[in-house]
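Everything below concerns the one structure shown next.
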Amino acid sequence: MPATSLYARRRITNALAMGLGTAATVLGLFFLVWILWLTLLRGIGALRGSLFTRITAYGPDGGLANAIAGSLMMDLIALAICTPICVMAGMWLAEYARLTRLGTVIRFLNDILLSAPSIVLGLFVYMIIVLPMSDLTDGAVSFSGLAGGVALALIGLPVIVRTTDEMLQLVPATLREAALSLGVPQWKLTVQLLLRAASSGIVTGVLLALARLAGETAPLLFTAFGNNFMTAHPLDKMASVPVAIYQYTNDPDPALHAIAWAGALLITLFVLALSLLTRLFLSRKKANHG
Amino acid sequence: MSSIPATIDTLDTGRRSRLDARHDRIFRGVLRFCALLVLAALLGAALSTLWGGREILFGQGLHFLTSTAWNPVEDDYGALAPVFGTLVTSLVAIVLAVPVSFGVAMFLTEIAPNWLRAPASTAVELLAAIPSIIYGMWGLFVFVPFMARIEPALTDTLGRIPLLGKLFQGPPLGLGLLTAGIVLAVMILPFITSVMREVFLTVPTRLKESAYALGSTRWEVLWDIVLPYTRSAVIGGIILGLGRALGETMAVTFVLGNSYNITSSLLMPGTSISSSIANEFNEAVGLHRSALVALGFLLFVVTFIVLLIARLMLRQLARREGR
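Going line by line, the protein sequences match chains A and B.
If you read the first sequence in my numbering, its first letter stands for residue 1004, the second for the next number, and so on.
If you read the second sequence in my numbering, its first letter stands for residue -14, the second for the next number, and so on.
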């Protein structure tokens, strides 16, 4: 019977496809679990108290104290630069340029910036901050934590712009209409009402940006450079956890590899915890909006 | 209420509305300036790398683009080897990652039992957030030794196939283009999967239900209904993954082997634009530095074009949905 054989063939094709799909999932998860498991295992094996108290200058007997401090500082600098600018840019996109051509173009380019190669953004900051600073001060100031912070701000920028834009667009139009009909000027409406209504969403965007820039290595290589000593001065060369991992991984000494794994564990946990937190925020927000 | 003098009221509102109008104009201008900074960041990245690489790009543009040399001692630089490495590793990554991503996306939207879909999808998206240097470390410390062990077997089996076999010749170093491609594939897998999953979910349920009602199997619904409906966005997602792979630095730098080769074998060490920059920039001076910045410019232009195409294709689906 040709009808039965056609049916059988379709059944077999289907079973094959479903089987391959499941196999692909198992394969993909296998690699990803492998990587996570290894980071966890080797990272926990290398966790020591000295990791948080000693600086990288001690080498194999040292820790990552200066790198952790540097990372925190540069992440803060990045967010401090990025957040106000990005939130305002997002406001403009959502409130003044929702359907205009320039708004569409900027929204589009912002999405491209989201996946732009981070190493080129590092070169950009090198060209516009590190080189001019070095020329101005005759080489006294060149690589700096400030430059590293600016490079990281460029990584976070598209994330915050995008979430702010999206979250403001979710605020119901009736709120705007009600305020405008009472004669509230638009800036007051935007800052005092809309921003407040979308605040939890915008905080989510900032956390998301932090999760992204905390693990970045490439843009810091030629902006903050690295430093074996503790420093709090933003114009000094500054250590960071990702760059320390990069340097230690390139080193042949296995004792340094262990410290690199511990750093990798710290970063991974930090980033995963932040991502999980933002996801919780977002799902609650969606639930509220029905 | 009517006892308030009308004159003061009108005077006051007149002044206030003028003030408000001015504040609104200033506010709007400031916001617009901030939004234009997004444009400035992209333009600035392109222009500053063009400026930094001017000595090479304008001084010896054609030679730089077509030469395979990379010799800091004689100050002779060509972009071909790093460009080759970038393209080959990204291509290997895409070829390996796309079918697997498609399978995972299919699993997450069609095969998995309902209770598993949400947590598994969250897991995939969390994995996309892991910093790329972790993939690089895993690549160097675990995957390279593993590849060194299985590469002789690859040469013995795949290496025997005529034509295709050329790709699998050479000493089993573990390091090389193939290893870098695989590490990249693992890294972009969650990206492509999450785009595909989201895109598959946009297909209207009644379209799929109609097909099921006509007796289609799950595979037929996916292949004949879901995929045609989402084609442009799926391709967009794949190209987005390609853009990530092209610009990635940390996942490939450790495992490429950093040697300026153009070989027919994937098992040989190579280099890529981003890993050349990461490895050499801080020691480079003069023309060498200019050549590295020029490489950065090339990378930026190529990824910009690739990402532009990706976003345009992703937008087509969104437009059809009326968003």
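We treat Cβ as the ideally placed atom computed from N, Cα and C, and that holds for glycine.
For clarity, every value in this text was computed on a predicted model and none was experimentally measured.
- The beta carbons of residue 188/B and residue 219/B sit no closer together than 7 Å.
- Along the region 1042 to 1068 of chain A, going in chain order, the ones with a CB nearer than 9 Å to a CB of chain B are 1042 and 1045.
- From the beta-carbon of residue 1073/A, no residue of chain B is found nearer than 8 Å; the closest lies around 16 Å away.
- Think of a sphere of 7 Å around the beta carbon of residue 239/B: the chain A residues whose beta carbon falls inside it are 1252, in chain order.
- Between residue 70/B and residue 236/B the beta-carbon gap is near 13 Å, outside 8 Å, which marks them as no contact.
- Below 8 Å, enough C-beta pairs join the region 1228 to 1248 of chain A and the region 1064 to 1084 of chain A to call them touching: three or more.
- The count of Cβ pairs closer than 8 Å, one atom from the region 220 to 231 of chain B and one from the region 1112 to 1126 of chain A, reaches three, so the stretches are in contact.
- With a cut-off of 8 Å on Cβ pairs, the region 17 to 37 of chain B is not in contact with the region 1201 to 1210 of chain A, counting fewer than three such pairs.
- DSSP places residue 56/B in the strand class (E or B) of the three-state scheme.
- Contact annotation for residue 1114/A against chain B: 296 [CB-CB distance below 7 Å, chain order].
- Excluding its 5 nearest sequence neighbours in each direction, residue 1278/A has C-beta neighbours in its own chain below 7 Å: 1214, listed in chain order.
- Per DSSP, reduced to three states, the secondary structure at residue 1064/A is helical.
- The straight-line gap separating the alpha-carbon atoms of residue 1282/A and residue 1276/A is approximately 10 Å.
- In terms of Cβ geometry, residue 178/B and residue 114/B do not form a close pair [threshold 7 Å].
- The alpha carbon of residue 131/B has as its nearest neighbour, out of 147/B, 204/B, 240/B and 278/B, the alpha carbon of 240/B.
- By the criterion of a C-beta distance shorter than 7 Å, residue 61/B is surrounded in its chain by 54, once the five residues flanking it on both sides are discounted.
- Here residue 62/B carries a strand assignment [DSSP, helix/strand/coil].
- Residue contact check for residue 209/B against chain A: no CB pair falls below 7 Å.
- The three-state reading of DSSP puts residue 1239/A in coil, since its state is none of H, G, I, E or B.
- Interface residue (Cβ-Cβ distance to chain A less than 7 Å): residue 55/B is not classified as such.
- Annotation: Cβ neighbours of residue 107/B in chain A (cutoff 8 Å, chain order): 1282.
- Counting along the chain, the unbroken alpha helix (DSSP H) around residue 258/B starts and ends at 258 to 265.
- In the structure shown, residue 1180/A adopts helical secondary structure according to DSSP, grouped into three states.
- Selection 1018/A, 1044/A, 1019/A and 1021/A evaluated against residue 1266/A yields 1044/A as nearest (Cα-Cα).
- Pairing residue 1163/A with residue 1125/A gives a Cβ-Cβ distance that is not under 7 Å.
- Interface criterion not met: the Cβ of residue 1040/A is under 7 Å from no Cβ in chain B.
- At least one CB atom of chain A sits nearer than 7 Å to the CB of residue 5/B.
- Among the residues of chain B, those whose CB is under 8 Å from the CB of residue 1224/A are 263, 266 and 267, following chain order.
- Only buried fits residue 1090/A, as 16 or more other CB atoms lie within 10 angstroms of its CB.
- Under the Cβ criterion of 7 Å, residue 242/B is not counted among the residues facing chain A.
- A Cβ-Cβ separation of about 17 Å leaves residue 1057/A out of contact with residue 1046/A under the 8 Å criterion.
- Not a single CB atom of chain A sits nearer than 7 Å to the CB of residue 273/B.
- In terms of beta-carbon proximity, residue 1185/A stays away from the interface with chain B, with every pair separated by 7 Å or more.
- Inclusion of residue 301/B and residue 217/B in the CB contact set at 7 Å is warranted, their separation being smaller than that value.
- Of all C-beta pairs linking the region 247 to 256 of chain B to the region 153 to 161 of chain B, three or more are shorter than 8 Å, placing the two stretches in contact.
- For residue 1111/A, the residues of chain B that pass the 7 Å Cβ criterion are 296, in the order they occur in the chain.
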